[in-house]
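Engineer: Heads up, this note's numbering is the position in the sequence shown plus 11, with the first residue counted as 1.
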Amino acid sequence: MSANTEAIDMARIAALAADEKLATEVVVLDVSEQLVITDCFVIASATNERQVNSIVENIEDRLREAGHKPVRREGTREGRWALLDYADIVVHVQHDEERNFYALDRLWKDCPTVEVEGLGQNRLGPADANTVFETDTVSEPDAQDPSL
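#1: Which runs of the alpha helix (DSSP H) at least 4 residues long sit entirely within the stretch 103 to 134? Give them in chain order.
#2: Closer than 6 Å by C-beta to Val101: which residues in its own chain qualify, once you throw out the five before and the five after it? Chain order, please.
#3: How would you call Gln105, buried or exposed, if buried means at least 16 neighbouring beta carbons within 10 angstroms?
#4: Could you spell out where the alpha helix (DSSP H) holding Thr16 opens and where it closes?
#5: Excluding sequence positions up to five away, which residues of its chain have a Cβ less than 6 Å from the Cβ of Arg91?
#6: Would you mind sorting Arg23 into buried or exposed? The rule is 16 or more other CB atoms within 10 Å of its CB.
#7: With Ser56 as the anchor, note down where its beta strand (DSSP E) starts and where it stops.
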């Protein structure tokens with residue numbers, strides 16, 4: 012038995028919403044073979060508490076737009092490890108330190124990952140960043156302008 016289609020669709024929405032807010036190491040795991048209480052885990056990381064909360068808010072907004080409401084949410088006040096329970100999926104947004112310490116990926120390593128098309132496309136790579144800066148021009152201050 013694998014995750015149901017609705018759970019996979021919800022997980023993809025959540026993963027892409029996390030990615031929009033520059034979450035790192037976003038992964039969707041199909042835990043349906045191991046757990047009867049949920050089908051998918053979405054795990055994402057952030058470098059600070061503010062980003063954890065921003066990611067959580069965006070995930071909630073995107074899933075609400077798709078007609079889904081969390082059954083339970085925990086840890087959002089602290090901003091270190093937020094858990095959003097949507098019954099069919101459970102979303103974990105963790106500070107990098109918590110992600111490394113608790114290692115959910117390693118704990119659930121036997122579960123298959125669900126591919127999410129478009130994940131990681133919100134980031135500029137080194138070549139893209141250079142292109143952006145190469146096209147920017149810096150104007151020199153006008154020596155004749157007395158306000159400078």
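The C-beta atom is built at its ideal place from N, Cα and C for all residues, glycine as well.
Everything numeric in this text was worked out from a predicted model, so none of it was measured.
Structural biologist: Inspection of the coordinates gives the following:
#1: 107 to 113, 115 to 118
#2: Thr49, Phe52
#3: buried
#4: 16 to 31
#5: His106, Glu109
#6: buried
#7: 51 to 57
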